[in-house]
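At position 365 of the sequence shown (counting the first as 1) the number is 365 in UniProt numbering, and the numbers step up by one without a gap. Cβ coordinates follow ideal geometry from the N, Cα and C atoms, glycine included. Written out below as structure tokens is the structure these notes cover.
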Amino acid sequence: MLPKELEEIIDVVLVHNNWRRRETINLIASENVMSPLAELVYLNDMAGRYAEGTVGNRYYQGTKYVDLIEDVLTKRFAKALGATYVDVRPVSGTVANLATYFALFPEGGVVASLPVKYGGHISHNTVGGLKALRLKMVELPWDLDRFNIDVDRARKVIEETKPNLVILGGSLYLFPHPIREIAEIAKASGAYVLHDSAHVFGLIIGGVFPNPLKEGAHVITTSTHKTFPGPQGGLIAAVVEDKVNDLQRAVFPVFTSNYHLHRYAATYVTLVEMEHFGAEYARRVVENARALAEALAEQGVPPVAEALGYTRTHQVAVDVSKFGGGDKVAAKLEEANIIVNKNALPWDKSVLKPSGIRLGVQEMTRFGMGKDEMREIAKFIARVLSGEDPAGVRRDVAEFRKAYLEIKYGFKIDRELVDKVFKSLGLYT
Ligand code: DSN
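The structure is reproduced here in structure tokens:
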């Protein structure tokens, strides 16, 4: 018999699981669900272990199997990305970013990056990661018509301010940034180029988004749980041979001590599954995002960047100022079990009062939804925005979700395997 407060917590977890996975339409662009196999191996003893250092050179004993997994995971990512250096130890994308900044210019300096309203992540900004390292930021200029970085004006900024690092990629990311052009300008001016691939990592691995390392970036940083549907974690992939030691030392001992080792096996499973199913998954994700955008426009809720075809990633952005703004609309949609986040858009005066919402289709695609389902989702959203009682929409959303409960694009697991894992942990005998 468990103490009452533990039964209550377990109930909360189970209710949460059911609600988020079975009753909601989750459109948070930075999230995803792992495959059943990845989730199963995520439950492992390494969750309680340490392995400071690098493969074969640890500060702890008992790490031979950790070494084995970290080694094959690192090599497999290096091959998939064409990288000469991969580090799977950062526990998040932000940690990967901070470690990279520190490794590349430890004395500090200037970073050219996008403000949040143009899609930059907080770790590219002085409100976040740059603040911790006391780095200065110069803004990369934005071309509203192309919904992208303005290359000509960026050239001027880079040549005049001589940043140590130029950061591309970001959190609101509808169209591939001009990596090749900016990398050429940055390199001529002596700057490193980092592409934060967190949002589009699964699309890169799936082959529907340009590989930044092939386009001229020195470094990719990423998280491993957005369009790449692994466990939460971070990664650095680079083609800077002279900085390998600095990168390694920045990850440990500067920015991490524990790497959250239990995620390695699940990340490996996800990478192998992406090799098998990722091309089809990534293609569908982008197709679905476009379909959702078009359907929203038909419903009178037009997303941004219509003239550009709305999106080339998993994301769609909608200016909802005429419906009450991002804050209010995101909250109303949650009442209808449609989970989105408010998001600043390039024309916003304050990121604290965002005019937009950001929608990502990567998770619903994983549950087997296609273009027809995107049209249904657009209708649900339009009903809420037109003022219909969200409680009624919520009932319909929960009913709709019942047909999409199985996670696709991964290998199946059976009871025998579940038993083996549980037994190995001593969870039952
Ligand atoms: N803030 C997250 C996002 O939604 O993009 C990434 O860390």
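Where does residue i fall in DSSP's three states?
| i | result |
| --- | --- |
| Pro-302 | coil |
| Gly-426 | coil |
| Lys-166 | According to the sequence as given, residue 166 is Val; it is not Lys. Here Val-166 sits in strand by DSSP. |
| Ala-38 | helix |
| Arg-146 | coil |
| residue 431 | Since the first residue shown for the chain is 1 and the last is 429, residue 431 is missing from the structure and cannot be characterised. |
| Gln-248 | helix |
| Ile-338 | strand |
| Gln-232 | strand |
| Gly-368 | coil |
| Tyr-101 | helix |
| Ala-238 | strand |
| Met-137 | strand |
| Gly-129 | helix |
| Gly-53 | strand |
| Val-33 | coil |
| Asn-343 | strand |
| Arg-58 | strand |
| Ile-377 | helix |
| Ile-122 | helix |
| Asn-258 | coil |
| Asn-44 | coil |
Of the choices the options, whose alpha-carbon is the least far from that of residue i?
| i | options | result |
| --- | --- | --- |
| Ala-238 | Val-193, Leu-203, Gly-356 | Val-193 |
| Asp-396 | Glu-406, Ile-381, Gly-278, Val-208 | Ile-381 |
| residue 442 | Asn-44, Lys-4, Arg-21 | Residue 442 cannot be examined here, being either before or after the span of the chain that is shown, 1 to 429. |
| Arg-20 | Arg-394, Tyr-59, Gly-410, Ile-413 | Arg-394 |
| Arg-263 | Gln-248, Ala-282, Thr-256, Pro-231 | Pro-231 |
| Phe-77 | Thr-311, Val-91, Ala-47, Val-272 | Val-272 |
| Ser-171 | Gly-360, Lys-412, Phe-367, Leu-427 | Gly-360 |
| Val-116 | Glu-373, Met-34, Tyr-173, Ile-185 | Tyr-173 |
| Asn-26 | Leu-405, Ser-424, Asp-419, Gly-300 | Leu-405 |
| Met-274 | Glu-181, Gly-326, Val-304, Gly-410 | Gly-410 |
| Ile-220 | Arg-58, Leu-168, Pro-253 | Leu-168 |
| Thr-267 | Pro-90, Val-12, Leu-6, Phe-252 | Pro-90 |
| Asn-245 | Ala-331, Val-15, Val-86 | Val-86 |
| Glu-388 | Gly-326, Leu-333, Lys-322 | Leu-333 |
| Phe-323 | Ala-293, Leu-385, Asn-337 | Leu-385 |
| Asp-281 | Leu-73, Met-369, Asp-414 | The sequence shown places Tyr at residue 281, not Asp. That would be Met-369, whose Cα lies nearest to the Cα of Tyr-281. |
| Thr-24 | Asp-414, Phe-400, Ala-47, Thr-313 | Phe-400 |
| Ala-378 | Glu-294, Gly-234, Asp-67, Ile-69 | Glu-294 |
| Leu-140 | His-124, Arg-22, Gln-315 | His-124 |
| Ser-92 | Lys-79, Gly-233, Lys-420, Val-318 | Gly-233 |
| Val-166 | Glu-5, Ala-188, Gly-309 | Ala-188 |
| Leu-81 | Ala-191, Leu-14, Thr-222 | Thr-222 |
| Asn-57 | Phe-277, Asp-71, Lys-162 | Asp-71 |
| Ala-191 | Thr-161, Ile-205, Lys-214 | Thr-161 |
| Thr-84 | Leu-417, Ala-391, Lys-243 | Lys-243 |
| Ala-367 | Glu-335, Ala-403, Trp-347, Gly-392 | A small correction: the amino acid at residue 367 is Phe; Ala does not occupy that position in the sequence shown. Measuring from the Cα of Phe-367, the nearest candidate turns out to be Ala-403. |
| Ala-183 | Gly-119, Ala-265, Ala-112, Thr-74 | Ala-112 |
| Glu-335 | Trp-142, Ala-398, Gly-120, Gly-48 | Ala-398 |
Along the chain, where does the alpha helix (DSSP H) containing residue i start, and where does it finish?
| i | result |
| --- | --- |
| Pro-390 | 390-401 |
| Tyr-65 | 64-81 |
| Arg-358 | From DSSP, Arg-358 is part of no alpha helix (DSSP H) but of the beta strand (DSSP E) over 356-360. |
| Ala-186 | 179-188 |
| Leu-213 | 212-215 |
Which two residues bound the contiguous beta strand (DSSP E) that contains residue i?
| i | result |
| --- | --- |
| Tyr-192 | 192-196 |
| Ala-154 | Looking at the DSSP string, Ala-154 is not in any beta strand (DSSP E); the run it does join, the alpha helix (DSSP H), is 151-161. |
| His-16 | Here His-16 belongs to no beta strand (DSSP E); instead the alpha helix (DSSP H) covers 4-18. |
| Ile-220 | 219-225 |
| Ala-112 | 110-113 |
| Tyr-85 | 85-87 |
| Gln-315 | 315-319 |
Determine, using beta carbons only, whether residue i comes closer than 8 Å to chain B.
| i | result |
| --- | --- |
| Ile-338 | This model lacks chain B altogether, as it is built from one protein chain only. |
Note to self: As a quick check of your reading: which residues have a C-beta less than 5 Å from at least one non-hydrogen atom of the ligand DSN, in chain order?
What the structure shows: Those residues are Ser-30, Ser-171, given in chain order.
Check: Does the stretch 354-362 come close enough to the stretch 326-346 that 3 or more CB-CB pairs lie under 8 Å?
Finding: Yes: the two stretches touch, three or more of their Cβ pairs being nearer than 8 Å.
Notebook entry, point to check: Within the chosen definition, does the stretch 190-210 reach the stretch 283-290 through at least 3 CB pairs nearer than 8 Å?
Noted result: Flag = yes, the stretch 190-210 and the stretch 283-290 touch.
Note to self: Could you check whether the stretch 92-112 touches the stretch 132-141, counting it as contact only if at least three pairs of C-beta atoms, one from each stretch, sit closer than 8 Å?
What the structure shows: Yes, since at least three Cβ pairs between the stretch 92-112 and the stretch 132-141 fall closer than 8 Å, the two stretches touch.
Note to self: Under 8 Å, with one C-beta from each stretch per pair, do the stretch 371-380 and the stretch 196-207 reach the 3-pair mark?
What the structure shows: Contact fails: fewer than three Cβ-Cβ distances are below 8 Å.
Margin query: Quick test of the definition: if touching needs 3 or more C-beta pairs under 8 Å, does the stretch 49-56 touch the stretch 421-428?
Written below: No, they do not touch.
Check: Are there three or more Cβ pairs, one per stretch, closer than 8 Å when the stretch 33-43 is compared with the stretch 249-257?
Finding: Note that the stretch 33-43 does not touch the stretch 249-257; fewer than 3 beta-carbon pairs, one per stretch, sit closer than 8 Å.
Check: Pairing CB atoms from the stretch 3-11 with CB atoms from the stretch 314-328, are three or more of them under 8 Å?
Finding: Touching, no.
Notebook entry, point to check: Counting Cβ pairs closer than 8 Å, one from the stretch 142-149 and one from the stretch 302-312, do we hit at least three?
Noted result: In the pairwise beta carbon analysis, the stretch 142-149 is classified as touching the stretch 302-312: at least three pairs are separated by under 8 Å.
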